[in-house]
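**Q**
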Amino acid sequence: MTGTPTLARTRDELAAALAAQDLAPVRGNPHRRAVVMTMGALHAGHLSLVEQARTLADQVVVTIFVNPLQFAPTEDLARYPRDLDRDLELLTGPGLLGADDVVFTPDVDVMYPGGDPIVRVTAGAIGDVLEGAERPGHLDGVLTVVLKLLHLTQPDVAIFGEKDAQQLAAVRRMVRDLEVGVQVVGGTLVRDDDGLALSSRNAYLSAEQRAQALALSAALRAGVAASDEGRHAVLNATRAALAPVDEIGYVALVDPDTFTDATTGPALLLLAARVGATRLIDNTALVLGADDGEARS
Ligand code: PAF
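Everything in the sequence shown is counted per the numbering used here, starting at 272 for the first residue and increasing by one.
(1) Could you tell me how far apart the beta carbons of L368 and V333 are, in whole angstroms, since I believe they sit closer than 8 Å?
(2) May I ask you to verify whether the stretch 439-449 touches the stretch 384-403, counting CB pairs closer than 8 Å and requiring at least 3?
(3) Give the straight-line distance between the Cα atoms of Q323 and G366, rounded to the nearest whole angstrom.
(4) Taking the beta strand (DSSP E) that L559 falls in, what are its first and last residues?
(5) Whose CA, out of A478, L348, E500 and A512, lies closest to the CA of A493?
(6) Is S498 helix, strand or coil by DSSP?
(7) Taking the C-alpha atoms as reference points, what is the distance between L340 and V413?
(8) For R545 and D517, which I take to be in contact (beta-carbon distance under 8 Å), what is that distance rounded to the nearest angstrom?
(9) Is D329 helix, strand or coil when you go by DSSP?
(10) Among V558, L542, L559 and R502, which one has its Cα closest to the Cα of L551?
(11) Who are the Cβ neighbours of L348 in its own chain at under 8 Å, not counting the five residues just before and after it?
(12) With a 10 Å radius around its C-beta and 16 neighbouring C-beta atoms as the bar for buried, classify T555 as buried or exposed.
(13) Would you say T277 and V373 are within 7 Å of each other, going by their C-beta atoms?
(14) G458 to M308, Cα distance in whole Å?
(15) To the nearest angstrom, how far is it from the Cα of A504 to the Cα of A497?
(16) Using the beta carbon as the reference atom, which residues fall closer than 6 Å to any heavy atom of the ligand PAF, ordered along the chain?
(17) Leaving out five residues on either side along the sequence, give the residues of the same chain with a beta carbon under 7 Å from the beta carbon of D394.
(18) What residue range is occupied by the uninterrupted beta strand (DSSP E) comprising L289?
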């Protein structure tokens, strides 16, 4: 990629940037736009979503917006890491954004000009379990901003990381149920060499806590190793391997689309745990064998 992307902070700047780059068809194929939505504090996981977007479209829009609607009053909205200059530097790295691309960084007043929206999207049953049960209203806040950003950026394709598997499932469901004209693509979860899933919240961890946090990926590996033995064996093995964390939020085995309990066949193993004051999540896909045992914990 050559050149630097257009930086848009307001709706008018975004509309102008998208219109200016309403590119002519590329070698006879219609111009395609991809969006990658982020809350900033970018890391290699986000950059891999941008790389994936590059392969799917000739124009990429990255949005950077820390969405207050998806944080409960007790959560880390105020201390959520923000560093726009660094984010922009990372986004213009080799093979990432170029002159045809756009970075949209609205303020809260730009996204929610009349204050908090009265009408919101509800995630329904998917929003009531796991992340939704631990963070009531979180997925409604996510879907509301995602739908607004889809309207504002008008993409053909939107990429969401598989690390936030429940968010990805909820977005897919919203797009299907509300007839939103966009293709949703899952972006591969990226891990550090030691197995820790990349997350902007890893920045909160001390060296000691980071070592403790390795229990999350180790627990997923333990769960996968027990997958032939069925649901209860997986849940027991995963929970046991989570012993080093300060608190387990949940360990769950669900159907990847509906997030209802999975019994056999393709499933997602998901977990949430607290290390110090930091809440982390992780997940992996597996295939569950038949279960003839009982949960031991
Ligand atoms: O995954 C995130 O960073 C956020 O939930 C998203 C999709 C950008 C909405 O605020």
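Built from N, CA and C at the ideal position, the CB exists for glycine as well.
Only a predicted model underlies this, so the values are computations on that prediction, with no experimental measurement involved.
**A** Quick look at the numbers:
(1) By 1-based counting over the sequence shown, the position of residue 368 is 97. By 1-based counting over the sequence shown, the position of residue 333 is 62. Approximately 7 Å separates the beta-carbon atoms of L368 and V333; this is inside 8 Å, confirming the contact.
(2) As far as the Cβ criterion goes, the stretch 439-449 touches the stretch 384-403, which means the pair count is three or higher.
(3) Sequence index remark: in the sequence shown, residue 323 carries index 52 (1-based). Sequence index remark: in the sequence shown, residue 366 carries index 95 (1-based). Between the alpha carbons of Q323 and G366 lies a distance of about 11 Å.
(4) One-based indexing of the sequence shown puts residue 559 at position 288. Where L559 is concerned, the enclosing beta strand (DSSP E) stretches over T549 to L559.
(5) Translated into the one-based positions of the sequence shown, residue 493 becomes position 222. The candidate whose alpha carbon is nearest that of A493 is A512.
(6) Locating residue 498 in the sequence shown gives position 227, counting from the first residue. S498: helix per DSSP, three-state reduction.
(7) Taking the sequence shown and counting its residues from 1, one reaches residue 340 at position 69. Taking the sequence shown and counting its residues from 1, one reaches residue 413 at position 142. Each residue's Cα considered, the two are about 7 Å apart.
(8) Taking the first residue of the sequence shown as position 1, residue 545 is located at position 274. Taking the first residue of the sequence shown as position 1, residue 517 is located at position 246. The Cβ separation is near 5 Å, so the contact holds.
(9) Counting from 1 along the sequence shown, the entry for residue 329 is found at position 58. Assignment of D329 by DSSP, reduced to helix, strand and coil, places it in the coil class.
(10) Locating residue 551 in the sequence shown gives position 280, counting from the first residue. Distance from the Cα of L551 is smallest, within the candidate group V558, L542, L559 and R502, for L542.
(11) The sequence position of residue 348 within the sequence shown is 77, counting from 1. Same-chain partners within the cutoff: V337, P339 and F342.
(12) Locating residue 555 in the sequence shown gives position 284, where the first residue counts as 1. Looking at its Cβ environment, which holds 16 or more other Cβ atoms inside 10 Å, T555 is buried.
(13) Indexing the sequence shown from 1 puts residue 277 at position 6. Indexing the sequence shown from 1 puts residue 373 at position 102. V373 sits close to T277, with the two beta carbons spaced by under 7 Å.
(14) Counted from its first residue, the sequence shown places residue 458 at position 187. Counted from its first residue, the sequence shown places residue 308 at position 37. Straight across, the Cα-Cα distance linking G458 with M308 is about 12 Å.
(15) The residue labelled residue 504 in the question sits at position 233 within the sequence shown. The residue labelled residue 497 in the question sits at position 226 within the sequence shown. Distance between the alpha carbons of A504 and A497 is about 6 Å.
(16) A residue is listed when its beta-carbon falls short of 6 Å from at least one non-hydrogen atom of the ligand PAF; in chain order these are M308, T309, M310, N338, Q341, V413, V416, V417, D435 and Q438.
(17) In the sequence shown, counting from the first residue as 1, residue 394 sits at position 123. Looking at the sequence provided, one finds Ala at residue 394 rather than Asp. The beta carbon of A394 sits closer than 7 Å to the beta carbons of G403, L410, D411, L414 and A441 from its chain, once the five residues preceding and following it are set aside; these are given in chain order.
(18) In the sequence shown, counting from the first residue as 1, residue 289 sits at position 18. Here L289 belongs to no beta strand (DSSP E); instead the alpha helix (DSSP H) covers R282 to A291.
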